Amino acid sequence: MPRELAPAELAEATRHHLVYSIGKTPDAAKLSDWRLALSRAIRDRIVDPWVATTRHVYAHDLKRVYYLSMEFLIGRLIEDAVNNLGLEPAAREALASLGVDFDAAMLDEPDAALGNGGLGRLAACFLDSMSTLGIAAHGYGIRYDHGLFRQSFRDGWQIEDAEDWLAQSHPWEFERTEAVWPIGFGGEVTTRDGRPRWEPAETVLAAAYDTPIPGWQGRWVNTLRLWSAKPTKIFDLEPFNRGDYMAAAAPAVLAQTISRVLYPDDTTPQGKELRLKQEYFFTAASLRDLMRRFFSDHDDAGLLPSRVAIQLNDTHPAIAGPELVRILMDERGLGFDEAFAIARGTLHYTNHTLMPEALEKWPAELMARVLPRHMQIIERMDAAHAAEMRAAGRPRPDSVGCIRDGEVRMGDLSFIAARRVNGVSALHTDLMRRTVFRDLHALHPDRIVNQTNGVTPRRWLRSCNPKLSAVITEAAGEGWEADLDRLAALGPLAGDAAFRERVMAAKQANKRHLADWIGATCGLTVDPGAMFDVQIKRIHEYKRQLMNVLELAALWNEMRRDPGAPVPPRVRIFGGKAAPGYAMAKAIIKLINDIGRTINADPAMKGRLAVVYPPNYNVTMAERLIPAADLSEQISTAGMEASGTGNMKLAMNGALTIGTMDGANVEIHEAVGADNIFIFGLDAEDVSRLRAEGYDPGAHVARSGRLSEVVAQIRAGVFSDGDGERHRAVADNLTGHDWFMVAADFDTYWDAQRRVDAAWADPNGWARKAVLNIAPMGRFSSDRTIRGYARDVWQVTPQF
Ligand code: 26W
3 MPRELAPAEL AEATRHHLVY SIGKTPDAAK LSDWRLALSR AIRDRIVDPW VATTRHVYAH
63 DLKRVYYLSM EFLIGRLIED AVNNLGLEPA AREALASLGV DFDAAMLDEP DAALGNGGLG
123 RLAACFLDSM STLGIAAHGY GIRYDHGLFR QSFRDGWQIE DAEDWLAQSH PWEFERTEAV
183 WPIGFGGEVT TRDGRPRWEP AETVLAAAYD TPIPGWQGRW VNTLRLWSAK PTKIFDLEPF
243 NRGDYMAAAA PAVLAQTISR VLYPDDTTPQ GKELRLKQEY FFTAASLRDL MRRFFSDHDD
303 AGLLPSRVAI QLNDTHPAIA GPELVRILMD ERGLGFDEAF AIARGTLHYT NHTLMPEALE
363 KWPAELMARV LPRHMQIIER MDAAHAAEMR AAGRPRPDSV GCIRDGEVRM GDLSFIAARR
423 VNGVSALHTD LMRRTVFRDL HALHPDRIVN QTNGVTPRRW LRSCNPKLSA VITEAAGEGW
483 EADLDRLAAL GPLAGDAAFR ERVMAAKQAN KRHLADWIGA TCGLTVDPGA MFDVQIKRIH
543 EYKRQLMNVL ELAALWNEMR RDPGAPVPPR VRIFGGKAAP GYAMAKAIIK LINDIGRTIN
603 ADPAMKGRLA VVYPPNYNVT MAERLIPAAD LSEQISTAGM EASGTGNMKL AMNGALTIGT
663 MDGANVEIHE AVGADNIFIF GLDAEDVSRL RAEGYDPGAH VARSGRLSEV VAQIRAGVFS
723 DGDGERHRAV ADNLTGHDWF MVAADFDTYW DAQRRVDAAW ADPNGWARKA VLNIAPMGRF
783 SSDRTIRGYA RDVWQVTPQF
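Every letter in the sequence shown is one number past the one before it in this note's numbering, and letter 309, counting from 1, is 311.
Have a look at this one:
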């Protein structure tokens, strides 16, 4: 732990950076100048332990972990740094002495939105845990100029605008001009002295930017290295002299396009060439970089599996298999079998979704055109695997193979090139073995293991919910942030009224704070005494925001029909973005905003029912909403949400869950007990059985009076100024197709919500359940998850 820092010292360091790093005098400084200056002062405190960590790893030749991910949904870094270094009180006092509001300064930093949702945020939580546990790890990704788009609503429709996190300088990164790698594309494969030789047609440079990742208490600092694309030739003078300025700039623009923007899809790959180039660009640069580091103090490539573990965050970096084999064969002169064996000893693959449309498949002709040598190697790896299985007397069924119907299947490629393959919740891993990877699992029965997701309690409890954290420290003592199983100490206190009072007082204070923010930003007055019912996640049909809003409309009908009905006041809060090309998800957003507007405009609902949908849900908004949530909506079609991580964050902050037996909800149910969660609906078996038997959504709608009433209202334009056409697509899909079984689960969902109402009517009982949701959450810390990866996948020993 860096030595204590007095507020005055930090104030002086901040003032120094304001003048000498930012170039501003205190009287002229704006909030962002002070925020940048403080960031520099804090960063100075991170560099020493960073250097010490790097030296320690080299000195002890620790096995290294490389986490390759197209996405790192980091959010703001300033609060992480301040909290992990234990500098929050000092920083708050230091800024106050300089006349600057600490909270405002913290919120002034733009989110690094370098991810879409669950997969990207998980990668960020893992970075925090790997540093906290003292694992020698690097994160490798892309330094997008523009992260996930900024969402706004125009008349209830989602509008996307480019995000611009680098508009101001990013104070936490260091440009590494010495770490620049040429990355080739296209061209052809020739033979030189008997060995294949790839001659790329175009080359871009991958330039490294390092961000230090301090763990809890700053004892260990790992590196996140993000690659930015640069042109080999910055500027073409010849066309410029001819006045053809576009041609002069074109090469640079083209090269930089590779790291220009994050693809905003979190399910259906667009299959665009640029996306494949992005995947190869960062994967190849990362492999070059880690191989240089390996060979800087090892010379036997055969040692790689024992000194390096590479984790592929889904199939997006799957080209790492062929690239590693290429480098070992074509550049280090190894034979194919040895190269392939080394790759299979070093690579590990995590699957995050079973959605068929989300499994990446690249047209073989595109792969052969963009990466001709890799296409050759993929064919060789595939053939070698088939031969190996034949030799083992377990010939591969036709369903298995990296290349099929003219497509390269990145899931199968990742599986055959990996030592371990893991799912992200017990149910998901089980379904992997029984569905998408059934045949590969039969061939390699010990390769698939489970590593249930987790979240970092530093950001998602300590930092975003200081009020509840103080109550937890009273009960569990100091240090629970890095030993979350200590939350168990709260269990016995669930029966202690005074303790419950303190937990709910923290919740109430967070709700009042959020109500003020909703008032200021959405212009809506909400009652902090009402139940805050929250569904925050990407908009997707399988996550069933539609079922949520249909139940809401049915509740509105009920409350109007029977004003005396014992329905406690609720504020239903939505947050989430839809992929720009996902029409049905965007239609669902419009329906939510239309139904919300209708309910909020109904005088009979004042103080009884309100709908809030703040635009541009992101990490910082999650940190604002989660501490104030009473009810957590985890209502996906069973078998479709691989894990979920928002469910863990909300339960950790004392929200009760209403949900299906899907993903990690199953393990949350196990942890909190059936009395402290509201489970409903079909489970994964039921869903596949109903699908097999033939599912008739229309019949289900007809059988539900409440649902058919709402569908009729939608068709009649009740929520759309009488325009029955506006939401026709949603209504038709629901009654005609309903792949995600909203109609089948609607009535049990309604009943579960009424069970929630009954529980809410007993504040002591609710408080007790809230405490019994927090207490067992230790197992959902990403520290537990990373300890699992270290033991079962990477075979590394955490230092702490
Ligand atoms: C190529 C387009 C694309 C991009 C991202 C396809 C799929 C993805 C991700 C795998 C989608 C994703 O974020 N999956 C989520 O991963 C979380 C972390 O493991 C899980 O908790 C969620 O259940 C899962 O939906």
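Virtual Cβ for every residue (Gly too), placed ideally from N, Cα, C.
As the structure is a prediction and not an experimental result, all values here were calculated from the model.
Below 8 Å on the Cβ atoms is my contact criterion, and I expect GLY641 with VAL689 to pass it. Report the Cβ-Cβ distance as a whole number of Å. 5 Å
Kindly examine the ligand 26W and report whether one of its heavy atoms sits closer than 7 Å to the Cβ of LEU495. no
Where GLU201 falls, given that 16 or more other Cβ within 10 Å makes a residue buried: exposed
With DSSP as the reference, label LYS232 as helix, strand or coil. strand
Relative to the ligand 26W, what is the chain-ordered list of residues with a Cβ closer than 6 Å to any of its non-hydrogen atoms? ASN118, GLY119, GLY120, LEU121, LEU124, ASP267, ASP268, THR269, PRO271, ASP316, HIS354, THR355, ALA360, GLU362, VAL426, ASN455, GLU643, ALA644, SER645, GLY646, THR647 and GLY665
Kindly indicate which three-state DSSP category ASN118 falls into: helix, strand or coil? coil
Exposed or buried, what is THR193 when buried is set at 16 or more other beta-carbons lying within 10 Å of its beta-carbon? exposed
Enumerate, from N- to C-terminal direction, the unbroken beta strand (DSSP E) stretches of 3 or more residues contained entirely within the region 530–602. 533–538 and 572–577
With 8 Å set as the bound, which would you pick, yes or no: does the beta-carbon of GLY665 sit closer than that to a beta-carbon of chain B? The structure shown contains no chain B; it holds only a single protein chain.
In three-state DSSP terms, what is GLY220? helix
Less than 8 Å separating the beta-carbons of PRO571 and ALA603? no
Which word fits TYR142, buried or exposed, when buried means at least 16 other C-beta atoms lie within 10 angstroms of its C-beta? buried
Go through its chain and collect everything with a Cβ distance to ARG610's Cβ below 6 Å, but skip five positions before and after it. PRO571
What are the partner residues of GLN258, as DSSP defines its beta bridges? BP columns for GLN258 are empty, so no partner.
HIS148 by DSSP, collapsed to three states: which one? strand
Kindly indicate which three-state DSSP category THR802 falls into: helix, strand or coil? Note that residue 802 corresponds to Phe in the displayed sequence, not to Thr. Residue state, collapsed to three classes: coil.
Quick check: the region 325–336 against the region 369–376, are there 3 or more CB pairs under 8 Å? yes
Nearest-angstrom beta carbon gap, ALA114 and GLY158 [assumed within contact, 8 Å]: GLY158 to ALA114, Cβ: 29 Å. No contact.
In this structure, what does DSSP give as the bridge partners for SER783? VAL457
Mapping DSSP to helix, strand and coil, what is TYR60? helix
If I measure Cβ to Cβ from GLU483 and keep anything under 7 Å in the same chain, skipping five residues before and after, which residues do I get? TRP218, PRO459, ARG460 and ARG464
Sorted by chain position, which residues of the same chain lie with C-beta nearer than 8 Å to ALA386's C-beta, five sequence neighbours on each side aside? PHE338, ASP339 and PHE342
Can TRP36 and LEU97 be called in contact, C-beta distance under 8 Å? yes
Is TYR69 helix, strand or coil by DSSP? strand
Distance between PRO253 and ARG396 (C-alpha atoms, nearest Å): 51 Å
Whole-angstrom distance between ARG45 and PRO184, CA atom to CA atom: 30 Å
Limits of the beta strand (DSSP E) - the one that GLN313 falls within: 310–315
Do GLY665 and HIS430 have their C-beta atoms closer together than 8 Å? yes
Endpoints, alpha helix (DSSP H) assigned at ASN735: 730–738
Name the residue from ALA30, THR234, ARG786 and ALA92 whose alpha carbon lies nearest to the alpha carbon of ALA15. ALA92
Leaving out the 5 sequence neighbours to the left and right, which residues in its chain are closer than 8 Å to ALA606 when beta-carbon positions are compared? MET561, ARG562 and PRO565
Are the CB atoms of ASP316 and THR270 within a distance shorter than 8 Å? no
Which one of ALA249, LEU415, GLY245 and ARG277 has the shortest CA to CA distance from GLY323? LEU415
Top-ranked residue by Cα proximity to HIS18, from ASP794, LEU100 and ASN86: LEU100
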